[in-house]
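A.B. asks: Residue numbers (the UniProt record's numbering): 1 to 330.
We put the CB at the ideal spot given by N, CA and C, even for glycine.
None of the values given here were measured: they were computed from a predicted structure.
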């Protein structure tokens with residue numbers, strides 16, 4: 001299978017994304033005066049835009065690669081939840097696994113921007129774990145969808161949709177059905193992702209999650225930390241993003257450390273979402289570890305050249321992969 005065939009094969013995949021989906025709101029305006037009520041700027045609103053955030057950006061990246069992206073999450077029955085569900089559907093995303101909860105608010109992060117300056121961000125959210133009933137609904141929905149999917153992405157933002165119980169149940173069911181699980185963790189559930197296929201923290205998350213310190217520039221210490229992670233969670237593989245140092249993968253008895261590509265960095269926002277999306281699709285196709293790391297690392301670098309959270313451009317990624325002669329032969 002060559003690179004062209006790999007990118008064609010992405011189109012055949014069904015990817016289940018389980019986790020915290022949210023709405024990003026952007027309010028643009030201009031400031032011409034200070035409020036008489038308090039020493040704060042008065043922003044005169046000119047435009048307002050809603051974008052998918054959290055696991056929503058992973059869905060968009062998966063979709064950009066050509067795969068079908070299916071969300072499995074819990075959101076509120078509030079007006080923000082309506083906006084979020086409509087945004088998902090407007091993008092052509094599969095909402096079969098979306099659960100609406102009357103007892104939960106939908107996460108919305110609102111950014112007020114005057115000119116090019118962000119004035120304030122207003123977060124409306126809860127990070128309380130979902131109720132037992134909602135956990136059971138989430139597990140049931142996931143089990144219903146998993147047999148028809150090629151890979152699962154756990155997209156955890158510590159907002160409470162994923163709990164140790166749902167992670168355990170869904171992972172066990174996926175392993176029974178030979179559906180690989182790829183994890184983008186946060187701190188709270190870090191140690192709950194036992195027996196998953198590929199675990200992808202960044203350097204900060206790795207240190208905090210395992211409560212360890214090591215010299216990332218010492219190859220032996222870095223490999224030791226990755227091995228410690230694999231043993232602590234009994235995961236099949238680990239892919240650690242190291243920011244400007246690139247990535248390291250330890251998977252299927254292979255260890256590869258790849259440098260970052262030299263790029264004009266404009267914005268690192270959303271790079272991790274792109275990396276996990278590409279890695280999951282590569283795992284679903286059974287590609288070799290070095291190829292998984294190389295294509296994911298390349299995609300993460302490409303989106304950093306763009307301002308804002310932007311999903312990967314499939315054709316650009318393919319062109320760059322061909323130019324770098326990334327060989328997925330197996």
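Please state whether the Cβ-Cβ distance between residue 63 and residue 55 is less than 9 Å.
C.D. replies: Contact flag unset, no.
A.B. asks: For residue 41, write down the residues that DSSP places opposite it in a beta bridge.
C.D. replies: According to DSSP, residue 41 bridges with 34.
A.B. asks: Just to confirm, is the Cβ distance from residue 248 to residue 65 under 9 Å?
C.D. replies: Contact: no.
A.B. asks: Does DSSP put residue 218 in a helix, a strand or coil?
C.D. replies: Three-state DSSP puts residue 218 in coil, outside helix and strand.
A.B. asks: Can you give me the start and stop residues for the alpha helix (DSSP H) that residue 318 sits inside?
C.D. replies: Run containing residue 318: 314–323, per the alpha helix (DSSP H) assignment.
A.B. asks: Can you give the Cα-Cα distance for residue 23 and residue 154, rounded to whole angstroms?
C.D. replies: Their Cα atoms are separated by approximately 18 Å.
A.B. asks: If you compare alpha carbons, which of 230, 288, 317, 287 is closest to residue 301?
C.D. replies: It is 317 whose Cα lies nearest to the Cα of residue 301.
A.B. asks: Tell me whether residue 280 sits in a helix, a strand or coil according to DSSP, three-state version.
C.D. replies: Correct three-state label for residue 280: helix.
A.B. asks: Out of 215, 196, 67, 204, which one is the CA nearest neighbour of residue 251?
C.D. replies: Per the Cα distances, 196.
A.B. asks: Curious, which full-length beta strand (DSSP E) runs of at least 3 residues does the region 32–110 contain?
C.D. replies: List check, beta strand (DSSP E) in window: 41–54, 68–76, 94–101.
A.B. asks: Counting only the same chain and skipping the five closest in sequence on each side, list residues whose C-beta sits under 6 Å from that of residue 124.
C.D. replies: Here the set comprises 108.
A.B. asks: For residue 238, which three-state DSSP category applies?
C.D. replies: The answer is strand: DSSP assigns residue 238 an E or B state.
A.B. asks: Could you tell me how far apart the beta carbons of residue 202 and residue 272 are, in whole angstroms, since I believe they sit closer than 8 Å?
C.D. replies: Between residue 272 and residue 202 the Cβ distance is about 6 Å, and since that is below 8 Å, they are a contact.
A.B. asks: Is it the case that the region 157–173 contacts the region 131–138, given that we only count it when at least three CB pairs across the two stretches are under 8 Å?
C.D. replies: Yes: at least three Cβ pairs fall under 8 Å.
A.B. asks: What are the partner residues of residue 29, as DSSP defines its beta bridges?
C.D. replies: Note: residue 29 sits in a beta bridge opposite 45, 114.
A.B. asks: Can you grab the Cα-Cα spacing for the pair residue 52 / residue 98, in whole Å?
C.D. replies: When rounded, the distance between both Cα atoms is 14 Å.
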